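Please read the structure below before turning to the comments.
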Amino acid sequence: MHWRVHKFKRMRFTLQDHEIKFFERGKENMVFKKYKAVLAAALSAAVVSSTMLPLAASAAGTRTKDEAYGDETYAQRFLSLYDDVVTKGQENGYLSKTNVASGGFGVPYHAVETCIVEAPDYGHETTSEAMSYIVWMAAMRDNIAKNVGSEYGATNTNDLAKAWKTMEVMIPTTQTGFWSKSSLSSQYNREVPDDPTAYPVQAEASNTGSNPIHSKFTSAYSSDNGLYLMHWLADVDDWYGYGGAYDSGSKTPSTTGKFTFINTFQRGNSESCFETVPHPSIETLKYGMENRGIKGVFNNDANVAAQWSYTNAPDAENRAIQAIYAANKWGVGDSSITTLAGKMGDELRNDMFDKYYKAIGCQNKNSPSTGYDSCHYLMAWYTSWGGAQDGSWAWQIGCSHAHQFYQSPLAAYALLYDTGLNSAMKAEGATKDYTTSLQRQLEFYQWLQSADGPFAGGATNSWNGDYMTYTSGVPTFYDMAYVEHPVYADPGSNHWIGNQVWATQRLAELYYYIKTDGDASKGAVKPGGLTIEDTLSKLLDRWVAWFIENTTLTDDGDYAIPATLDWSGQPATWTGTYNENANSGLTCTITATGSSDLGCVSSLANTLIYYAKAVGTKSSEISADATSLGGKALYLAQQLLDREWELGRDDIGVSRPEHNGSLSRMFTEEVWIPSSYNGKTPYGDTLANGATFSSIRSMYLEDEKYMELKNAFDSTGSTESVELNYHRFWHAGDILMALGTMYQLYPEVTPGGSTQGGDDNLYGDVDCNGKVEINDVVLLSRYVAQDSSIPNPPSAQGLKNADCKYDGTIDADDITAIARYLAHLIEQSELGPQK
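Reminder that position 119 of the sequence shown reads as 130 in this note's numbering, one-by-one numbering, no gaps.
In structure tokens, the structure reads:
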């Protein structure tokens, strides 16, 4: 383990003739002259050569504003950060001022900053991911406000209902003709790995697949007009102009335009975010090439029909369901929202099927569509659906590829065993399918866990995107072939550490619920022959131990977590029975570490907190010297939360500087446009062979950060030197949820490593506020001086905490001991009985 003791910031005290002033965050605590003798004697004994005392964990970073609700507890930190991100989200740039959901919040941006290229290629796009986070954050906010809000002046504003209304903006209302079709078919289009320039490919009109469960949904939800699922990407302010922002001839990049669904990735696993052609989800043929619109870039049709199409990312819907399940458990749920979440979960079964509904393991593109034989019961990367603008035809596809980090056994469990969610799944077969899916998803993790602990990539039913015969020696899982990096290769989809922490947070939360409430399946679900509890125990023990071993806490108060992984070997073929030693040849190597990916840092902390609570770890075990895995996990979680807050807290959120050399690709990357296509974007950029990332996004020339990156690239050939301070919405969400989880599971723990109340004495904490600080020295000095005017004299617990010499007497020696601890002359363990 690479842990070091955190060194807190210090505060100055000055001894004057008539008073002693203690400066803490600009506030003065006074002890008048009559206490001077007692206090001065204690301090002189404590301070040998230093006139500096430490300040227990308080906000640092670059923040200049007061915290809206304080920062002394994790609940307060949650409320204060939530105030920045959501309550004042429009003011601080997280939420749109123009596009505000009816009865909800402003639509959340992917990031406050605009020049950012990752999955979205512009910061003021939004994603279904962001929408799911606002629901999760709001559920926790309602929970904290209900329980302790009155202590800090926070009222319960029922934000969950507002957040769900906001999320619904991402559910398309234009699905013309889709719900009226009794069946849906789609023409086969092979995928071309490794070569975006091979697109467009010719559709095979005679090779079609048919969705076997479409009619179940149209029957169960007959009054609806389409799927209750989110499209994954939208242009919030109409920066691209597909909502009409530039129709008047304006050349000022839009910041207040119409919310517009868009899409990007279309051309195989090697199409990076720098090589996409952003296009409207509703193709009206108004932009692009005459008779072909923008869609003509992706197909060979001479005349493209006016049409619509959408794609979901099921981890987002599952996160929203996770939030509703938690809200119901916390007593802040809403039955009407639960009903909608249940319907959403029901329709997520569309993501359990092969892309062209071919039998699992068929290894032949001409294999016919086969109904439920095409169900892999995993959460695939997407389902896509669309149709003609006039409603004359419609289609849908599933997905052949499943990634470990899109799985959510927690959501499956919630949909099965939360009565409100389960009863809201009206379509035939929902409970049966999710029972199978819950076991299958957990077995997927059993199959993919490396010998080290992290989880390998996933599996496919369509080898090389064309249902080819699997390469000899490739291991399988229920007849699907192992893939190291499912879906995307530039960069490989399982390098990023977020794939580990997001996925495993859900496992740890489920583990906590089962350890707390028991297994609601009553043993009916047996992954690999084990109970759910035993499965999660084995998966998490190994994973948690690896992350503890490979996370660094430094002497200067910083930290580093694994950031990217490379993979070696492969799992054994799944037999249906779990063997914890089966994957001895499957390993990972850390290729980079980091501290600025705060969403991942926080999600790791969240995971560790749930794990610690599930295994029965007590708050008193928080220590750098903890010996149990749970104790180590809880200590590391708190250190990560405290340190990222200490180092990154600023006036609108939490952020740490980062550098990104890959942004050079904005100035070098060619975007493939077939030579047969020539058109214009709404802004007037040319879409033709030879286009580049920047040439089809010339709006970026008006972006200050883009120009800073461009100038750096023009001067040095790299963007690595440019400092970036991003406030990603999902980062804020994960920070908030980790803070809230610490409050929810360990309410007695406060920032700085201490506990508040409880059965264990925190020696030195005379005022019982959960911290040992200079105020305790002041209070104890007044008590020892027999000051009868103390507004809040030490309580019985406070006097127990004050006996730092552990001799049964409260006197100046105890004051000295506390002062020596604050001066870093002794350790916390030297207060009270020796431990």
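The C-beta atom is built at its ideal place from N, Cα and C for all residues, glycine as well.
Since the model is a prediction, treat every value here as computed from it, not as a measurement.
Worksheet item: Can you check whether the CB of W396 is closer than 8 angstroms to the CB of L238?
Response: yes
Discussion item. Tell me which residues share the same chain as K45 and place their Cβ nearer than 8 angstroms to its Cβ, disregarding the 5 neighbours each side in the sequence.
Written reply: Residue placement at K45 cannot be trusted, given a pLDDT of 43 that sits under 50; what the coordinates show is reported in the next sentence. Counting only Cβ-Cβ distances below 8 angstroms, and skipping sequence neighbours, we find A796, D798.
Discussion item. Give me the residue from A723, T692, A699 with the minimum Cα distance to S709.
Written reply: T692
Discussion item. Can you tell me where the alpha helix (DSSP H) holding Y621 begins and where it ends?
Written reply: 609–625
Worksheet item: Taking C-beta to C-beta, are C284 and E129 nearer than 8 angstroms?
Response: yes
Practice prompt. Quick one: using the 10 Å Cβ neighbour count with 16 as the cut-off for buried, is D528 buried or exposed?
Written response: exposed
Discussion item. With DSSP as the reference, identify every bridge partner of Y570, one or two as the case may be.
Written reply: L564
Fill in: Range of the contiguous beta strand (DSSP E) that encloses G690
689–691
Discussion item. Distance check for L351 and S434, CA to CA, integer angstroms please.
Written reply: 11 angstroms
Discussion item. Under 8 angstroms: do the region 530–545 and the region 560–570 share three or more Cβ pairs, one atom per stretch?
Written reply: no
Worksheet item: Where does M753 sit, in a helix, a strand or coil, going by DSSP?
Response: helix
Discussion item. Do L421 and Q333 count as a contact pair if the criterion is CB distance below 8 angstroms?
Written reply: yes
Practice prompt. Answer with buried or exposed for N722, where buried requires no fewer than 16 other C-beta atoms within 10 angstroms of its C-beta.
Written response: exposed
Fill in: Euclidean distance between Cα positions of G402 and T446
35 angstroms
Discussion item. Using C-beta distances below 6 angstroms, list every residue in its chain close to Y428, excluding the 5 sequence neighbours before and after it, in chain order.
Written reply: A531
Worksheet item: Between which two residues does the alpha helix (DSSP H) harbouring A425 extend?
Response: 420–428
Worksheet item: Excluding sequence positions up to five away, which residues of its chain have a Cβ less than 6 angstroms from the Cβ of A413?
Response: L389, A391, G469, A470
Fill in: Residue burial classification, S233 (beta-carbon count within 10 angstroms, cutoff 16)
exposed
Worksheet entry | Where W458 sits in the DSSP three-state scheme | helix
Discussion item. Any contact between the region 133–143 and the region 106–122? By contact I mean 3 or more CB pairs, one from each, below 8 angstroms.
Written reply: yes
Worksheet item: From I633 to G464, what distance separates their C-alpha atoms?
Response: 23 angstroms
Discussion item. Please report the straight-line C-alpha distance between S113 and M355, rounded to a whole angstrom.
Written reply: 20 angstroms
Worksheet item: Taking 7 angstroms as the line, does the beta carbon of S639 fall inside it for any heavy atom of the ligand COA?
Response: With respect to small molecules bound, the structure shown includes none, and the ligand COA cannot be examined in it.
Worksheet item: Expressed to the nearest angstrom, what Euclidean distance is found between the alpha-carbon atoms of G104 and Y80?
Response: 20 angstroms
Worksheet item: Whose C-alpha, out of P685, A462, G476, N311, is nearest the C-alpha of A593?
Response: A462
Discussion item. Which residues does DSSP list as the beta-bridge partners of G503?
Written reply: A500
Worksheet item: So is Q213 buried or exposed if we call it buried at 16+ other beta carbons inside 10 Å?
Response: exposed
Worksheet item: What does a CB cutoff of less than 6 angstroms around G641 pick up in its chain, not counting 5 residues either side in sequence?
Response: A623, V626, T628
Discussion item. Can you tell me whether I145 is buried or exposed? The criterion is at least 16 other CB atoms within 10 Å of its CB, across all chains shown.
Written reply: buried
Worksheet entry | Euclidean distance between Cα positions of L547 and G539 | 12 angstroms
Worksheet item: Which partner residues of Q318 appear in the DSSP bridge assignment?
Response: E294, A399
Worksheet entry | Outcome for P802 when other beta-carbon atoms lying within 10 angstroms are tallied against a minimum of 16 | exposed
Worksheet item: Could you give the distance in angstroms between the alpha-carbon of S226 and the alpha-carbon of P379?
Response: 19 angstroms
Worksheet entry | Alpha-carbon to alpha-carbon, L240 and G744 | 21 angstroms
Discussion item. Strictly under 8 angstroms for the Cβ-Cβ distance: is Y80 near chain B by that measure?
Written reply: Here chain B cannot be found, since the structure has a single protein chain.
Worksheet entry | Span of the alpha helix (DSSP H) around Y585 | Here the sequence assigns Trp to residue 585, which means Tyr is not the residue at that position. No alpha helix (DSSP H) holds W585; DSSP gives it neither H nor E.
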